[in-house]
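Scroll down for the structure; my scribbles are underneath it.
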Amino acid sequence: MTMRDWLARCPLVAILRGITPEEAVPVADALLNAGITILEVPLNSPEPIESIRRMAAHCGERGLVGAGTVMTETQLNQVAEAGGRLLVTPHADVALVRQAKRLGMLAAPGFFTPTEAFALLAAGADAVKLFPAEAASPAVLKALLAVLPKGTPVLPVGGMGAETIPAWRAAGAVGFGIGSSLYKPGDSAEQVGARAVALRQAIAAR
Numbered sequence: 001m002t003m004r005d006w007l008a009r010c011p012l013v014a015i016l017r018g019i020t021p022e023e024a025v026p027v028a029d030a031l032l033n034a035g036i037t038i039l040e041v042p043l044n045s046p047e048p049i050e051s052i053r054r055m056a057a058h059c060g061e062r063g064l065v066g067a068g069t070v071m072t073e074t075q076l077n078q079v080a081e082a083g084g085r086l087l088v089t090p091h092a093d094v095a096l097v098r099q100a101k102r103l104g105m106l107a108a109p110g111f112f113t114p115t116e117a118f119a120l121l122a123a124g125a126d127a128v129k130l131f132p133a134e135a136a137s138p139a140v141l142k143a144l145l146a147v148l149p150k151g152t153p154v155l156p157v158g159g160m161g162a163e164t165i166p167a168w169r170a171a172g173a174v175g176f177g178i179g180s181s182l183y184k185p186g187d188s189a190e191q192v193g194a195r196a197v198a199l200r201q202a203i204a205a206r
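In UniProt numbering, the protein residues as written are 1 to 206.
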């Protein structure tokens with residue numbers, strides 16, 4: 001499936017920063033049961049490759065599992081070997097995007113300027129992550145979408161929640177990275193699942 005297909009299932013990307021391998025499968029199950037199907041394990045988490053391995057094997061085609069905070073091609077290769085299928089970066093690195101596409105992965109690299117966004121899309125990015133979104137605004141996103149190729153999926157990340165998402169959605173965002181408002185280290189799978197259900201309901205009601 002394309003990135004747009006996954007986002008059509010659910011526009012929320014669960015950013016599981018700090019998750020451990022022992023928590024990986026229960027938390028993944030809770031998110032999938034709540035309808036959140038894109039799961040990102042930032043590489044500055046404890047044993048992230050093992051968490052990705054367990055989640056990818058467990059989720060199969062039910063979820064898109066990948067890595068965030070990817071900084072090097074060596075890390076990206078490790079993610080792919082573990083079964084990860086999504087690259088997310090905090091920065092605009094065209095080499096990582098090209099390597100992800102060679103590996104058959106989807107790529108949603110980070111950007112903050114039009115120059116970065118165009119370079120990433122030219123390298124083959126499937127979506128671009130506006131980061132940090134707190135330093136921008138829905139008006140900035142609307143202006144960006146006026147010049148980016150039609151249909152470009154832009155995902156604001158940073159400060160996203162039930163209160164902020166509606167304005168970004170109205171400006172044209174098709175996906176949103178959700179971090180600490182969904183998962184914090186030490187949270188139980190039940191807590192994460194309850195937050196996921198509540199967040200989806202709150203967004204649907206707005």
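Just so you know, even glycine gets a beta-carbon here, dropped at the ideal spot from N, CA and C.
Worksheet item: Tell me which same chain residues have a C-beta within less than 8 Å of the C-beta of Q78, skipping the five on either side of it?
Response: Cβ within range, chain order: I49.
Discussion item. Please return the same chain residues whose Cβ sits closer than 6 Å to the Cβ of A170, not counting the five positions on each side in sequence.
Written reply: Spatial neighbours of A170 in its own chain (CB-CB distance under 6 Å, excluding positions within 5 residues in sequence) are not present.
Worksheet item: From which residue to which residue does the alpha helix (DSSP H) around P48 run?
Response: Looking at the DSSP string, the run of the alpha helix (DSSP H) that includes P48 is 48-59.
Fill in: Ranges of the alpha helix (DSSP H) found wholly within the region 106-163, counting only runs of at least 4
Those alpha helix (DSSP H) runs which fall completely within the region 106-163 and span 4+ residues are 114-122, 138-147.
Worksheet item: So, using beta-carbon positions, are V65 and G84 closer together than 7 Å?
Response: Yes. Within cutoff.
Worksheet item: Per DSSP, what kind of secondary structure is V174 in: helix, strand or coil?
Response: Of the three classes helix, strand and coil, the one that applies to V174 here is coil, per DSSP.
Fill in: Inter-residue spacing [alpha-carbon to alpha-carbon] between A119 and L32
Between A119 and L32, the C-alpha separation is close to 33 Å.
Practice prompt. Using the DSSP secondary-structure output, state which residues sit across from I38 in a beta bridge.
Written response: Paired residue(s): V13, L64.
Fill in: Expected contact under 8 Å - CB spacing of Q99 and L130 to nearest Å
22 Å between Cβ atoms; not a contact.
Worksheet item: DSSP on V88, reduced to helix/strand/coil?
Response: Here V88 sits in strand by DSSP.
Worksheet entry | Residue interval of the alpha helix (DSSP H) (run including residue 239) | In the structure as shown, the chain starts at 1 and stops at 206, and residue 239 therefore has no counterpart that could be examined.
Discussion item. Between which two residues does the alpha helix (DSSP H) holding A196 run?
Written reply: Start and end: 189-205.
Discussion item. Closest to P46 by C-alpha separation, out of P185, V192, R195, would be which residue?
Written reply: Measuring from the Cα of P46, the nearest candidate turns out to be P185.
Worksheet item: With 16 as the cutoff for other CB atoms within 10 Å, does A135 come out buried or exposed?
Response: So A135 ends up on the exposed side.
Discussion item. With a threshold of 8 Å, are at least 3 pairs of Cβ atoms found where one atom belongs to the region 27-42 and the other to the region 156-163?
Written reply: They do not touch, by the three-pair rule.
Discussion item. What residue range does the alpha helix (DSSP H) around residue 281 cover?
Written reply: Outside the shown range of the chain, which is 1 to 206, sits residue 281, and nothing can be said about it.
Worksheet item: Between the Cα of M105 and the Cα atoms of R54, A67, C10, G179, which residue gives the shortest distance?
Response: Taking only the C-alpha atoms, the option nearest M105 is A67.
Fill in: Beta-carbon proximity list for P26, same chain, < 7 Å, skipping 5 on both sides
The beta carbon of P26 sits closer than 7 Å to the beta carbons of A189 from its chain, once the five residues preceding and following it are set aside; these are given in chain order.
Worksheet item: What's the C-alpha gap between A194 and E23?
Response: Distance from the CA atom of A194 to the CA atom of E23, rounded to whole angstroms, is 16 Å.
Worksheet item: When we look at the beta-carbon of G151 and count the other beta-carbons within 10 Å, is it buried (16 or more) or exposed?
Response: Here G151 is exposed. Its C-beta has fewer than 16 other C-beta atoms within 10 Å.
Fill in: Cβ-Cβ distance between I15 and G177 below 7 Å
The Cβ-Cβ distance between I15 and G177 falls below 7 Å.
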